[in-house]
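In case it helps, our numbering puts the sequence shown at residues 1 to 297.
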Amino acid sequence: MTSIHRRTFFIGSAALTTLYPLTLWAQSSAPRVVASFSILADMAAELAPSGVEVTALVGTDADAHVYEPSPADGKRLAQADLVLINGLGFEGWIERMVKVSGYRGMVVVATQGIKPRRGGHHDVDPHAWQDLALARKYAANISAAFAQRWPGQRDELTRRNAEYVARIDQLDVRVREWLGAVPRARRRVITSHDAFGYFGAAYGVDFLAPQGWSTHSEPSAAAVARLIRQIKNDGVRAIFVENISDPRLIERIAHEGGARVGGTLYSDALSKHGGPAATYLQLFEHNARSLAAALQV
Numbered sequence: 001m002t003s004i005h006r007r008t009f010f011i012g013s014a015a016l017t018t019l020y021p022l023t024l025w026a027q028s029s030a031p032r033v034v035a036s037f038s039i040l041a042d043m044a045a046e047l048a049p050s051g052v053e054v055t056a057l058v059g060t061d062a063d064a065h066v067y068e069p070s071p072a073d074g075k076r077l078a079q080a081d082l083v084l085i086n087g088l089g090f091e092g093w094i095e096r097m098v099k100v101s102g103y104r105g106m107v108v109v110a111t112q113g114i115k116p117r118r119g120g121h122h123d124v125d126p127h128a129w130q131d132l133a134l135a136r137k138y139a140a141n142i143s144a145a146f147a148q149r150w151p152g153q154r155d156e157l158t159r160r161n162a163e164y165v166a167r168i169d170q171l172d173v174r175v176r177e178w179l180g181a182v183p184r185a186r187r188r189v190i191t192s193h194d195a196f197g198y199f200g201a202a203y204g205v206d207f208l209a210p211q212g213w214s215t216h217s218e219p220s221a222a223a224v225a226r227l228i229r230q231i232k233n234d235g236v237r238a239i240f241v242e243n244i245s246d247p248r249l250i251e252r253i254a255h256e257g258g259a260r261v262g263g264t265l266y267s268d269a270l271s272k273h274g275g276p277a278a279t280y281l282q283l284f285e286h287n288a289r290s291l292a293a294a295l296q297v
């Protein structure tokens, strides 16, 4: 992350407790942004003005769908200067958590103004960060909220936003080049849960998954059997586990379908520091490169 030397960025309650104890967090006089999950925290850290500390409630390699708030997380939320969430129903627990914590400040919805993908029963797909074009909207919303909260640093915020959006746009061009080298008919992928619909719509990839948009419920036997048939009948070339999911189901689907697991995709959380997806843009590049490589085999 280009800005990590300029401001503090902590990911997840476990990392915060180990590296920056709650007592020190409470004693710090620096402005604090608390983001709901690691991907959003990384975006915020890239866009925040100097001196702002950013932390995430749901940390690296962790599943925000099944997150259970801790008392320590509630205390951090209560001490925040600004709270940042994804919205679109991604954090079903956040409204109650904010209320219980006693936080009274701004709760910024990063997906404000984004038209979501919809399914049956008016369900909404919350994984909008999986499209780099929509990441521009995330950046605009976050930057505008920071400018409202810290108006004296508007010039710095404008510059940070412009630099970050330029990097998003550059990566978007490369992703289209990598996947454009794969014939459209071969761009079929199986993942653990249906987190890549926005990616698929943006870059022309068909994603199949045994679980839906949330990981709360177990996949049905019928859904698993259908995927195994599709591997055998349609020659699905790429099967990936996700960093937030137990790999055993995907490994079983690949084995019974006579296919091979191609690696790990990062869906709803960053990797730990030093991993292949330690920032949002690294996550996106890793996923796109991994998919292109697997689909070209």
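By construction, the Cβ of each residue, glycine as well, lies at the ideal position given by its N, Cα and C atoms.
| Query | Result |
| --- | --- |
| Is Ala56 helix, strand or coil when you go by DSSP? | strand |
| Determine the direct distance from the alpha carbon of Arg160 to that of Leu295, and round the result to whole angstroms. | 35 angstroms |
| Consult DSSP for Gly274 and reduce its assignment to one of helix, strand or coil. | coil |
| In this structure, what does DSSP give as the bridge partners for Val34? | Thr55, Val83 |
| With 16 as the cutoff for other CB atoms within 10 Å, does Ala278 come out buried or exposed? | buried |
| Based on DSSP bridge pairs, tell me the residues matched to Thr264. | Val241 |
| Let me know the secondary structure DSSP gives Phe90 once reduced to three states. | coil |
| Can you tell me whether Asn141 is buried or exposed? The criterion is at least 16 other CB atoms within 10 Å of its CB, across all chains shown. | buried |
| Assign Arg187 to one of three DSSP states: helix, strand, or coil. | coil |
| What separation, rounded to the nearest whole angstrom, lies between the Cα atoms of Glu256 and Arg248? | 12 angstroms |
| Is Val33 closer than 7 angstroms to Gly89 when the C-beta atoms are compared? | no |
| Quick check: the Cα distance between His193 and Pro69, rounded to an integer number of angstroms? | 23 angstroms |
| For the candidate residues Ala145, Ala144, Thr111, whose alpha-carbon lies nearest to that of Gln130? | Thr111 |
| Output the boundary residues of the beta strand (DSSP E) element that contains Val349. | No statement about residue 349 is possible, as the shown extent of the chain runs from 1 to 297 and does not include it. |
| Which of the three DSSP states, helix, strand or coil, is assigned to Asp131? | coil |
| When you compare only the Cα positions, how much space is there between Ala145 and Tyr138? | 11 angstroms |
| Report yes if the C-beta distance between Val54 and Ala44 is below 7 angstroms; otherwise report no. | yes |
| Pull up the CB-CB distance for Ala238 and Gly204, whole angstroms please, since I reckon it's below 8 angstroms. | 14 angstroms between Cβ atoms; not a contact. |
| Give me, in chain order, the residues of the same chain whose beta-carbon lies closer than 6 angstroms to that of Glu156; leave out the 5 immediate sequence neighbours on both sides. | Pro49 |
| Could you say if the region 92 to 108 and the region 67 to 83 meet the contact criterion of at least three C-beta pairs nearer than 8 angstroms? | yes |
| Which of the three DSSP states, helix, strand or coil, is assigned to Asp42? | helix |
| Quick one: grab the DSSP three-state call for Val182. | coil |
| Please list the terminal residues of the continuous beta strand (DSSP E) segment that includes Asp206. | 206 to 208 |
| Between Leu270 and Thr191, how many whole angstroms is the CB-CB distance? I'm expecting something under 8 angstroms. | With 8 angstroms as the limit, Leu270 and Thr191 do not qualify as a contact, their Cβ atoms being about 17 angstroms apart. |
| Going by Cα to Cα distance, which pick from Val175, Asp61, Gly51 is closest to Ser38? | Asp61 |
| For Gly197, does the count of other Cβ atoms within 10 angstroms reach 16, so buried, or fall short, so exposed? | buried |
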